Amino acid sequence: MAEAVIQSKSNVDFQRIREQFPVLSQQIKGQTLVYLDNAASSQMPSRVADRIDAYQRNEHANVHRGIHTLSQKATDAYELTRKKVQRFINAGHKEEIIYTTGTTDSINLVANSFGDRFIGEGDKILISEVEHHANIVPWQMVAERKGAKINVIPVDDHGDIIWDKYVELLTDNTAIVAVGHVSNALGTVHPVKKMISEAHKRDIPVMVDGAQAVPHTPVDVQDLDADFYAFSAHKMCGPTGFGILYGKKKYLNEMPPYRGGGDMIDKVSFEETTYNITPYKFEAGTPPIAAGIGFGETISFLEEIGMPNIAEQERELLEYGTQKLNAVEGIRIIGTAKEKASVLSFVHEDIHATDIGTILDQQGIAIRTGHHCAQPTMRRFNVPATARASLSFYNNKEDIDRLIKGIKKAISIFQ
Ligand code: PLP
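Per our numbering, the sequence shown runs over residues 1 to 415.
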């Protein structure tokens, strides 16, 4: 609620907010957990878990179907989330908010449905060199089906896209640009507003994979002028199994349904079936109702803290972490873009990332190691894997100090 929004970061008690995440106070391997795997999945505050629990215990019924009171109450609660999401990302219409099971599902929806209608033989699909597999493979699949081709925007050694190459790759037969807002492996914040504006000069639509952006920074889809924008609830303190696809009505209305079944139809006969209106024509079957209702609570939680405050808090933590990590001998940060968000991906000159991760786990510190579902990114930077500490607003400088101490211990063990 607007009046509950805390206006400036200095008024936000992040320690008190941290206490709302019970998972963070547990002991792992005899030490208080330091959770730095937020880019994979972030933790859930008690109030979101409580909301899901209350729904499951007292309010559960199927949605959109029953005339009975419980079903109507469940439908209202579930649909309230759509309004909250609309406001949260400043979409023009609530019909432009499609519920999915996550970013992967959202991108598959666009690739299949937009692809069916708008991608043809010889067309180009433009993605960047540092995408998550979720924003590569669905496009490869549709390209293969349709006889289209994937073009790749290269990045420089920092992880920033090379602008001139991007502009060069926008051609008359580019059917769509699909680009991550923030790279999960590097933390690069791509200049998506500028990229969209450039693509629109040639009437090329742009889909943004916002999985790593929405949790960390205010996103305004109208200001960006994005044609599609995808994200997942579980990376922003919400439940798993739920996500969003924002799409402009002008495209959604033209796009065919992606999955068939209950709820997405208007009339069904053996001769002919007509479809429900947007967004319901994309939402076949019983949805993840509990997760959807829980996500509504998540959005209220984030709005009360204020996304600009969250962004500022994480920027401070990222700066602190970057400085500390750069001071550790033998460590090299992969991903040094001008604009970065909450990701510290790094390698050690002699020690494999997995070994660093294992030693950190023994000290109760959770990070991610591997290719982060971004194998082409690893190849671009000539590394088999990185260790990745990814931050959330509920982390603090002590978490980063524990990380640095843990890395130094790993180095001392292996050298
Ligand atoms: N895109 C990016 C940039 C990601 O980081 C991820 C998950 O790590 C995804 C897409 C896929 O998200 P999900 O697994 O929630 O569908």
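Ideal Cβ placement from N, Cα and C applies to all residues, glycine included.
Values in this document were obtained by computation on a predicted structure and should not be read as measured data.
Its chain contains G330 and I331 as the residues whose beta carbon lies nearer than 6 Å to that of H348, once the 5 sequence neighbours on both sides are disregarded; these appear in chain order.
In the DSSP assignment, D209 falls within the beta strand (DSSP E) that extends over V206 to D209. The three-state secondary structure of T100, taken from DSSP, is strand. Taken atom to atom, the span from the alpha-carbon of I411 to that of C373 is near 26 Å. Taking a C-beta distance under 8 Å as the contact criterion, F301 and F14 do not qualify as a contact pair.
Here the alpha carbons of Q415 and F242 stand approximately 44 Å from one another.
Membership of K267 in any alpha helix (DSSP H) is not indicated; the residue belongs instead to the beta strand (DSSP E) covering I265 to V268. When F282, S345, E95 and I359 are compared, the shortest CA-CA separation from I28 is found for I359. At a Cβ-Cβ threshold of 8 Å, D223 and K248 do not count as neighbours. The continuous alpha helix (DSSP H) containing K165 extends over residues W163 to L169. With 16 or more other CB atoms across the displayed protein chains lying within 10 angstroms of its CB, G238 is buried. Exclusion of the five residues before and after D160 leaves T188, A337 and K338 as the residues of its chain whose Cβ lies within less than 7 Å of its Cβ. Within the model, the alpha-carbon separation for I176 versus R402 is close to 44 Å.
Secondary structure note for K149: its beta strand (DSSP E) is the uninterrupted segment K149 to I153. As the crow flies, the alpha-carbon of L70 is around 19 Å from that of R82. In the DSSP assignment, the residues bridged to Q31 are I28.
In this structure Q31 is exposed. Its beta-carbon is surrounded by fewer than 16 other beta-carbon atoms within 10 angstroms. Counting along the chain, G294 sits inside no beta strand (DSSP E); it lies in the alpha helix (DSSP H) bounded by residues I289 to I305. Residue pairing by DSSP places G247 opposite F228 in a beta bridge. The residues T100, A230, G243 and L245, in chain order, have a CB closer than 6 Å to that of S106 in the same chain once the five nearest residues on each side in sequence are set aside. Residue pairing by DSSP puts L126 in a beta bridge opposite N151 and V177. Residue list for the ligand PLP: G102, T103, T104, H132, A134, G180, N184, D209, A211, Q212 and S232 (CB closer than 5 Å to any heavy atom, chain order). For V152 and A311, the gap between their C-alpha atoms comes out near 29 Å. The distance from the Cβ of K146 to that of G115 is about 6 Å, consistent with a contact at the 8 Å cut-off. Annotated three-state conformation of K338 is coil, per DSSP.
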